[in-house]
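Residue 119 is where the sequence shown starts when you use the working numbering, and the numbers rise one by one after that.
Cβ coordinates follow ideal geometry from the N, Cα and C atoms, glycine included.
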Amino acid sequence: MDLATLARPQLNRRDFVKIASLTVAAMGLSQALNPRIVEALEQVSPAKPPVIWLEGQGCTGCTESFLNNLEPSAVSILLDTISLRYHETAMAASGHQADKALHDTIKAGGYVLVIEGSIPLAQNGKFCTIAGKTFVDIVRESAKNAAVIINVGACSSFGGIPRSGPTDAVGYLFRGKTLHHVFDDVGNKPVINLPTCPVHNERLVATIVYYLTFGKAPEMDSYHRPLAFYGKLQHDNCARRGQFEARRFVTDFKDPAQHGRCLILKGCKGPIAFQDCWERQWNQRTNYCIQAGVPCVACSQPEFYQDTSPLYAHDYDFGVK
């Protein structure tokens, strides 16, 4: 990326149309809404809605996924569509300046709060401490004045991989499949979960733009996941479904004759995974797990990772022995 791109003063209308088209396609909305979304983005662009992005117990994979967005680029989104006030990885400020930016934004209120990483509760939250504060306290303080809360990735949605460790890690609203209201005192506001490990950048961009356009969360399921992304079953839309029905399974990854067969016997959790990875794909719609010959690990589900590991073990009863 060259410096000219970083220095570009603002998004042009073509960029707004790209973001609007992405949102319409991702959310399954009518193309007739394109002008409305473009207009909403143009109206908010000068004000640049503030965003606080917190990072808890995680690997920063969701940040990496978002920064890999190319159409439009993450730089365009960060500099021209939203005002990223606090992000420990992507922000230029550090130390006391970073703390002040966070404090001032919280005090002003009305921001979009993005949470990445799980929230560890063990030992009074001391497993994750930033600038002398536990992540539990940082989340509670940041959530109170937020307009909307978006949990990105499996960890902040349901606890994710850290939930299998000793830290008593939970998501913002869920401990696995169970509602877990750690933050009852932060008021009634939309909470949106965008699981998978990591979050898909298109899902995050479309969700933010949808909220900016309509002022509300999209239609969601019982796990607070947008139905547009998590309303369909991987197994029902898998390109290898015919192989499943014909009972042609991969039993040996080394056997080239088994290439393209169903991965159920190698631990694929597609029959319980609600997501649209098969349609959205990753790395600018290049590929996704099953297409690359890797079993679906159901990282969109509250069961991940604690109840779906070992990942390559056929330990779910999908009617196949």
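query, result
"Kindly identify the DSSP beta-bridge partner or partners of residue 299.", "Answer by DSSP bridge pairing: none, since residue 299 is not bridged."
"Shortest alpha-carbon distance to residue 226 belongs to which of 428, 265, 410?", "265"
"Rounded to the nearest angstrom, what separates residue 180 and residue 271 at their Cα positions?", "6 Å"
"Assign residue 172 to one of two classes, buried (16 or more other C-beta atoms within 10 Å of its C-beta) or exposed (fewer than that).", "buried"
"At a cut of 8 Å, does the stretch 384 to 398 reach the stretch 348 to 367 through at least three beta carbon pairs?", "yes"
"Determine whether the beta carbon atoms of residue 292 and residue 257 lie at a separation below 8 Å.", "no"
"Quick test of your reading: residue 372 and residue 413, contact by CB under 8 Å. State the CB separation rounded to the nearest angstrom.", "That pair is no contact at about 16 Å."
"Counting C-beta neighbours from all protein chains within 10 Å, is the total for residue 365 16 or more, i.e. buried, or is it exposed?", "exposed"
"Pick helix, strand or coil for residue 204, following the three-state DSSP scheme.", "strand"
"Give me the DSSP bridge partner(s) of residue 293.", "296"
"Rounded to the nearest angstrom, what separates residue 174 and residue 415 at their Cα positions?", "22 Å"
"So the candidates are 377, 241, 422, 210; which of them puts its Cα closest to the Cα of residue 408?", "377"
"Mind checking which residues open and close the alpha helix (DSSP H) that includes residue 219?", "213 to 226"
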